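S.K.: Going by the numbering used here, the residue at position 187 of the sequence shown is 187; the numbering climbs one at a time, nothing skipped. Even for Gly, the Cβ is constructed at its ideal location relative to N, Cα and C. Since the model is a prediction, treat every value here as computed from it, not as a measurement. First the structure, then my questions, so here it is.
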Amino acid sequence: MADADNRVILNVGGIRHETYKATLKKIPATRLSRLTEALANYDPVLNEYFFDRHPGVFAQILNYYRSGKLHYPTDVCGPLFEEELEFWSLDSNQVEPCCWMTYTQHRDTQDVLAILDRLDLDTDKPTEEDIMKKFGLEEKYRQGELNCWQRIKPKIWALFDEPYSSSSAKTTAVVSVFFIVISILSFCLKTHPEMRVPVLRNTTSRTADGNITWRLEKKSSEPHDAFFYIECASNAWFTFEIIIRFIVAPNKLDFLKAPVNIIDIVATLSFYLDFLLTKLEQENDMLEFFSIIRIMRLCKLTRHSAGLKILIHTFRASGKELILLVFFLVLGIVIFAALIYYAERIQYNPDNDFESIPVGLWWAIVTMTTVGYGDMAPKTYVGMFVGALCALAGVLTIALPVPVIVSNFALFYSHTQARSKLPKKRRRVLPVEAIRAKGPKSSGMPGSGGGAGPQTRRMNAIKHNHPDTQSATTALSSLLVTPNAQLAMNSTTSSAVTIGATTPHQFTEDRNSEKDLLKYPVDGAVIEPLVTSSGVSNMSNSAEQRSRGSTSPVTASPTSPGATTNNLVAVNT
Numbered sequence: 001m002a003d004a005d006n007r008v009i010l011n012v013g014g015i016r017h018e019t020y021k022a023t024l025k026k027i028p029a030t031r032l033s034r035l036t037e038a039l040a041n042y043d044p045v046l047n048e049y050f051f052d053r054h055p056g057v058f059a060q061i062l063n064y065y066r067s068g069k070l071h072y073p074t075d076v077c078g079p080l081f082e083e084e085l086e087f088w089s090l091d092s093n094q095v096e097p098c099c100w101m102t103y104t105q106h107r108d109t110q111d112v113l114a115i116l117d118r119l120d121l122d123t124d125k126p127t128e129e130d131i132m133k134k135f136g137l138e139e140k141y142r143q144g145e146l147n148c149w150q151r152i153k154p155k156i157w158a159l160f161d162e163p164y165s166s167s168s169a170k171t172t173a174v175v176s177v178f179f180i181v182i183s184i185l186s187f188c189l190k191t192h193p194e195m196r197v198p199v200l201r202n203t204t205s206r207t208a209d210g211n212i213t214w215r216l217e218k219k220s221s222e223p224h225d226a227f228f229y230i231e232c233a234s235n236a237w238f239t240f241e242i243i244i245r246f247i248v249a250p251n252k253l254d255f256l257k258a259p260v261n262i263i264d265i266v267a268t269l270s271f272y273l274d275f276l277l278t279k280l281e282q283e284n285d286m287l288e289f290f291s292i293i294r295i296m297r298l299c300k301l302t303r304h305s306a307g308l309k310i311l312i313h314t315f316r317a318s319g320k321e322l323i324l325l326v327f328f329l330v331l332g333i334v335i336f337a338a339l340i341y342y343a344e345r346i347q348y349n350p351d352n353d354f355e356s357i358p359v360g361l362w363w364a365i366v367t368m369t370t371v372g373y374g375d376m377a378p379k380t381y382v383g384m385f386v387g388a389l390c391a392l393a394g395v396l397t398i399a400l401p402v403p404v405i406v407s408n409f410a411l412f413y414s415h416t417q418a419r420s421k422l423p424k425k426r427r428r429v430l431p432v433e434a435i436r437a438k439g440p441k442s443s444g445m446p447g448s449g450g451g452a453g454p455q456t457r458r459m460n461a462i463k464h465n466h467p468d469t470q471s472a473t474t475a476l477s478s479l480l481v482t483p484n485a486q487l488a489m490n491s492t493t494s495s496a497v498t499i500g501a502t503t504p505h506q507f508t509e510d511r512n513s514e515k516d517l518l519k520y521p522v523d524g525a526v527i528e529p530l531v532t533s534s535g536v537s538n539m540s541n542s543a544e545q546r547s548r549g550s551t552s553p554v555t556a557s558p559t560s561p562g563a564t565t566n567n568l569v570a571v572n573t
């Protein structure tokens with residue numbers, strides 16, 4: 001009996017767990033360590049606590065109380081495991097090291113999904129409400145309080161920044177890409193000798209006989225005039241696009257801080273500055289060098305290609321690995337440059353190409369990256385041995401971080417493909433209702449509208465836990481499911497039995513008795529089966545004995561001897 005009193009039954013998601021109360025006290029300040037019979041989810045009839053939670057996760061949680069080691073079940077998702085730990089007031093950082101890597105994978109996945117949300121890789125047509133959210137006008141949009149500019153501004157923005165919002169936006173994106181490609185081709189082709197026009201100069205000279213002659217000399221060359229007109233048309237479009245996008249931008253500061261917009265603005269300004277200096281006949285080689293930033297307009301294509309966005313962010317996410325790669329390369333370059341310099345000086349070598357260590361740095365970086373131009377090569381045996389070590393070290397150094405970068409790209413790309421196949425709208429799940437507090441209503445009583453399901457479950461549990469009362473409960477169970485059973489609440493029935501209401505004190509004492517438990521299957525009611533017949537007298541005698549001990553007896557008139565009926569009498573206390 002002492003061992004049974006120390007045990008507690010937990011019903012989690014329909015699965016019953018039994019353990020000792022002392023086991024639940026091992027981890028204080030948790031939900032299971034504060035179990036009391038006053039809780040709303042405590043069932044006094046079944047003597048168990050019911051929790052509508054995940055039963056598979058609870059098995060590991062209960063094992064944590066028993067062994068002190070929290071393991072992660074691999075058949076559940078990480079966020080679900082965290083929610084369950086939070087419900088049971090447990091710390092998720094107590095997961096064992098053997099399960100930590102598997103457990104934290106969902107956190108990396110959540111970080112990747114958050115990054116993909118910021119990259120805006122969706123190629124589906126956005127709704128008007130989604131566009132209004134970017135401008136913070138969703139409330140006014142729902143209420144219909146938008147003015148003319150507030151209605152037009154998001155549409156213009158979507159026309160230039162959301163290529164998938166409409167057919168007009170797709171046309172605008174095609175025009176923008178066309179001018180980007182034309183501008184870059186023009187910038188590259190105008191440097192070709194066949195595409196340049198020579199600048200001739202007329203010079204005069206005096207011959208030996210004293211005659212004056214003139215001739216044409218090629219002073220320099222310049223691009224064909226067609227390239228200038230192409231540049232003008234392209235930069236006119238870029239200027240128009242920048243101004244419109246800046247005017248209708250949801251946030252002006254964020255627009256100016258975007259790297260792609262900075263490149264576009266600087267490249268456009270360099271064209272106008274170059275044009276101005278050309279008109280003033282002031283050539284500037286430094287400005288012409290900085291005009292190479294126009295080639296960076298290719299980065300604008302990332303607004304129209306999800307793959308380029310993923311590739312660029314892959315390098316951002318792999319920053320630590322790239323820094324580690326550069327560090328090992330620099331370390332190897334310096335070491336092998338010094339080794340090759342002294343190795344070539346050990347033996348006689350009249351054709352030594354390594355005159356200094358800085359010269360050896362160039363050879364080391366070309367060898368470690370496995371390029372090998374062949375302009376410098378060791379001639380001695382020791383130098384050849386150093387060169388072989390340098391090539392092997394370069395292969396290993398570069399090969400180690402590369403798989404990490406490739407895995408990052410595969411991770412981002414796979415999640416992008418998975419997100420594109422997800423349904424945009426999901427079924428809304430209603431929140432879970434709070435547990436109702438205990439009350440006097442007996443929903444399990446037949447005839448009360450609650451049905452006999454909960455009551456039958458309780459009776460089965462009682463018969464399972466108390467075999468000696470099985471015979472006594474057979475009659476009551478049959479009455480609960482009998483369609484013709486009559487229910488009388490605080491009233492007299494046609495029976496030869498007198499039933500009285502018990503006092504609260506007597507109700508408490510009787511409920512502690514195992515046999516009298518059958519009389520109190522629901523809160524606040526006494527249910528007794530009454531069978532009136534000529535051959536049945538034991539039950540009526542016991543009922544009369546209880547009526548003599550009651551505080552407020554109620555006498556019922558006897559029934560006819562020939563009738564046999566099954567009556568269910570309940571008296572509220």
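What are the uninterrupted segments assigned as alpha helix (DSSP H) that are 4 or more residues long and contained completely in the segment 54 to 91, given in chain order?
M.R.: You should have 55 to 67, 78 to 87.
S.K.: When the Cβ atoms of the segment 299 to 314 are set against those of the segment 340 to 351, are three or more pairs found closer than 8 Å?
M.R.: These segments do not touch.
S.K.: Check whether the segment 63 to 76 and the segment 17 to 27 are in contact - that is, three or more C-beta pairs closer than 8 Å.
M.R.: A contact exists between the segment 63 to 76 and the segment 17 to 27.
S.K.: Where do the ends of the alpha helix (DSSP H) carrying F271 lie?
M.R.: First-last of the alpha helix (DSSP H) with F271: 259 to 279.
S.K.: For the segment 151 to 235, which segments carrying the alpha helix (DSSP H) assignment without a break, of at least 4 residues, lie completely within its bounds, in sequence order?
M.R.: With a minimum length of 4 residues, the continuous alpha helix (DSSP H) runs that stay inside the segment 151 to 235 are 167 to 189.
S.K.: Hey, quick one: how far does the alpha helix (DSSP H) through T397 stretch, first residue to last?
M.R.: Looking at the DSSP string, the run of the alpha helix (DSSP H) that includes T397 is 381 to 399.
S.K.: Looking at C-beta atoms only, is the number of pairs between the segment 244 to 252 and the segment 149 to 167 that lie closer than 8 Å three or more?
M.R.: Flag = yes, the segment 244 to 252 and the segment 149 to 167 touch.
S.K.: Work out the CA separation of L189 and S270 for me, nearest whole Å.
M.R.: Taking the straight line joining both Cα atoms gives about 18 Å.
S.K.: Within 10 angstroms of the Cβ of W214, are there 16 or more other Cβ atoms? Answer buried if so, exposed if not.
M.R.: That one is exposed.
S.K.: Compare the beta carbon distance of I647 and T204 with 9 Å and say whether it is the shorter of the two.
M.R.: Residue numbering for the chain in the displayed model covers 1 to 573; residue 647 lies beyond these limits and cannot be assessed.
S.K.: Can you round the beta-carbon distance between T30 and L80 to whole angstroms, since I take them to be within the 8 Å contact cut?
M.R.: That pair is no contact at about 19 Å.
S.K.: L85 to H71, Cα distance in whole Å?
M.R.: C-alpha separation (whole angstroms): 12 Å.
S.K.: On the three-state DSSP scale, how would you describe Y348?
M.R.: Of the three classes helix, strand and coil, the one that applies to Y348 here is coil, per DSSP.
S.K.: Taking 8 Å as the limit between beta carbons, can you name the residues of its chain near G13, skipping five residues before and five after?
M.R.: Closer than 8 Å at the Cβ level, and outside the excluded window around G13, lie F51, D52, R53, H54, P55, F58.
S.K.: In the DSSP assignment, what are the bridge partners of L10?
M.R.: DSSP output for L10 lists H17, Y49 as bridge partner(s).
S.K.: Between L322 and I398, is the Cβ-Cβ spacing less than 9 Å?
M.R.: Against a cut-off of 9 Å, the Cβ pair of I398 and L322 comes out as no contact.
S.K.: Quick test of the definition: if touching needs 3 or more C-beta pairs under 8 Å, does the segment 253 to 266 touch the segment 181 to 198?
M.R.: Verdict: no, contact absent.
S.K.: Classify V395 as buried or exposed, calling it buried when 16 or more other Cβ atoms lie within 10 Å of its own Cβ.
M.R.: V395 comes out exposed.
S.K.: Roughly how far, in whole angstroms, is the beta-carbon of Y49 from the beta-carbon of N11, given that I think they are within contact range, below 8 Å?
M.R.: That pair is a contact at about 7 Å.
S.K.: Could you give the distance in angstroms between the alpha-carbon of E138 and the alpha-carbon of I152?
M.R.: Going from the Cα of E138 to the Cα of I152 covers about 14 Å.
S.K.: Which of the three DSSP states is assigned to Y341 in this structure?
M.R.: It is helical.
S.K.: Could you say which of L329, P378, F179, S183 lies nearest to P350 if we only look at CA atoms?
M.R.: Of L329, P378, F179, S183, the residue nearest in Cα terms is P378.
S.K.: Is it buried or exposed for K218, if we count other Cβ within 10 angstroms and need 16 for buried?
M.R.: Flag for K218 reads exposed.
S.K.: Helix or strand or just coil, what does DSSP make of D353?
M.R.: Coil at D353, not helix or strand.
S.K.: Based on the DSSP output, what are the partners of D43 in its beta bridges?
M.R.: BP columns for D43 point to E48.
S.K.: Check V429 in the structure and name its three-state DSSP category.
M.R.: Correct three-state label for V429: coil.
S.K.: Can you grab the Cα-Cα spacing for the pair E128 / S168, in whole Å?
M.R.: Distance between the alpha carbons of E128 and S168: 15 Å.
S.K.: Does the distance from the CB of L119 to the CB of A306 come in under 9 Å?
M.R.: Yes, the Cβ-Cβ distance between L119 and A306 is below 9 Å.
S.K.: For V95, name the three-state secondary structure that DSSP assigns.
M.R.: Here V95 sits in strand by DSSP.
S.K.: Looking at L361: is its Cβ nearer than 9 Å to the Cβ of V334?
M.R.: The answer is yes: Cβ separation under 9 Å.
S.K.: Quick one: what does DSSP say M368 is sitting in, helix, strand or coil?
M.R.: Residue state, collapsed to three classes: helix.
S.K.: Does the Cβ of A364 have 16 or more other Cβ atoms within 10 Å, making it buried, or fewer, making it exposed?
M.R.: A364 comes out buried.
S.K.: In whole angstroms, what separates the C-alpha of E96 from that of T380?
M.R.: Those two C-alpha atoms are separated by around 57 Å.
S.K.: Report buried or exposed for Y373, applying the criterion of at least 16 other Cβ atoms within 10 angstroms of its Cβ.
M.R.: Exposed, because fewer than 16 other Cβ atoms sit within 10 Å of the Cβ of Y373.
S.K.: By how many angstroms is the C-alpha of V330 removed from the C-alpha of I196?
M.R.: Going by the sequence as given, residue 196 is Arg instead of Ile. Spanning the two alpha carbons is a distance of roughly 42 Å.
S.K.: Tell me where the alpha helix (DSSP H) around I115 begins and ends.
M.R.: That run of the alpha helix (DSSP H) goes 105 to 119.
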